[in-house]
Structure formats: structure tokens, C-alpha cells
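Enquirer:
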Amino acid sequence: MLEDLLGERIAKMVGDEKSIAELRVRVDRPLLACGVDGKRKVVSSYGAPYVVTQKDVEDVLARATNMSFYSASDEMKRGYVPCKHYRIGVGGEGV
Numbered sequence: 039m040l041e042d043l044l045g046e047r048i049a050k051m052v053g054d055e056k057s058i059a060e061l062r063v064r065v066d067r068p069l070l071a072c073g074v075d076g077k078r079k080v081v082s083s084y085g086a087p088y089v090v091t092q093k094d095v096e097d098v099l100a101r102a103t104n105m106s107f108y109s110a111s112d113e114m115k116r117g118y119v120p121c122k123h124y125r126i127g128v129g130g131e132g133v
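According to my numbering, the residues represented by the sequence shown are 39 to 133, in order.
(1) Would you mind stating whether residue 66 and residue 52 have Cβ atoms separated by less than 8 Å?
(2) Can you give me the Cβ contacts of residue 98 inside the same chain, cut-off strictly under 7 Å, excluding the 5 residues immediately before and after it?
(3) State buried or exposed for residue 59, treating a residue as buried only when at least 16 other CB atoms are found within 10 Å of its CB.
(4) In three-state terms, what does DSSP make of residue 52?
(5) What is the DSSP secondary structure of residue 79, reduced to helix, strand or coil?
(6) So, helix, strand or coil for residue 125, using DSSP?
(7) Identify whether residue 84 lies in helix, strand or coil by the three-state DSSP scheme.
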């Protein structure tokens, strides 16, 4: 599931998805993983924090909506996108 949503490269950095309760994917910020044990960790790539790009966020939303932003627009206005058995929180500024 995680690889389907994040892509192979980022999913490998995150690691075991069973231990993850929440991922914070914010543009120009380090990728943050919150574990089921309540601990938070910055996800690293080659020993340095992985900083999320605009393209990363766009790719996650594209995968979560099956490339149909329009079909998920009502949910996005409410602050989330449904994805299989989960909801993905969405925030930010509209342009």
C-alpha cells in the first residue's frame, strides 16, 4: 500500500509501513514519520533528512486520487482525500 501511494523510492526510505501511524509530507520540509509507538523520526536519504518536493506531493495526490483530482475535489475542500481504507489529510494554500 505505501509503495502504491508514495512511490518506490520514498517507500523504501520510510521502511516498514506496519510501524507507521502517520506520515507528514509537506513541501520544502523534511519527511516525518510518526510511529505507532508515538515516536517521530525524520526520514533520511543517504544520511541526510529527505526534504519533500512539490513534485512528491503532486505525485502522492495523483496516486491517491487515481489521477482524477476533480473526482476528489469535494473531499479535498473538506481537508482530506479518501484512499482505500484511509483518509489523507490535505492542507495548504489555494492559488
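Ideal placement from N, C-alpha and C gives every residue a C-beta, glycine not left out.
Expert: With the structure as the only source:
(1) Sequence index remark: in the sequence shown, residue 66 carries index 28 (1-based). Sequence index remark: in the sequence shown, residue 52 carries index 14 (1-based). No; because the gap between Cβ atoms is not below 8 Å, this pair is not in contact.
(2) By one-based count along the sequence shown, residue 98 stands at place 60. Closer than 7 Å at the Cβ level, and outside the excluded window around residue 98, lie 43, 44 and 63.
(3) As a working note, residue 59 is residue 21 in the sequence shown. By the 10 Å Cβ count, residue 59 comes out exposed.
(4) What you label residue 52 is simply residue 14 of the sequence shown in a count that begins at 1. Note: residue 52 maps to helix in three-state DSSP.
(5) Counting from 1 along the sequence shown, the entry for residue 79 is found at position 41. If DSSP states are grouped into helix, strand and coil, residue 79 belongs with the strands.
(6) Walking along the sequence shown from the start, residue 125 turns up at place 87. Residue 125 falls in the strand class under three-state DSSP.
(7) Mapped onto the sequence shown, residue 84 falls at position 46. Note: residue 84 maps to coil in three-state DSSP.
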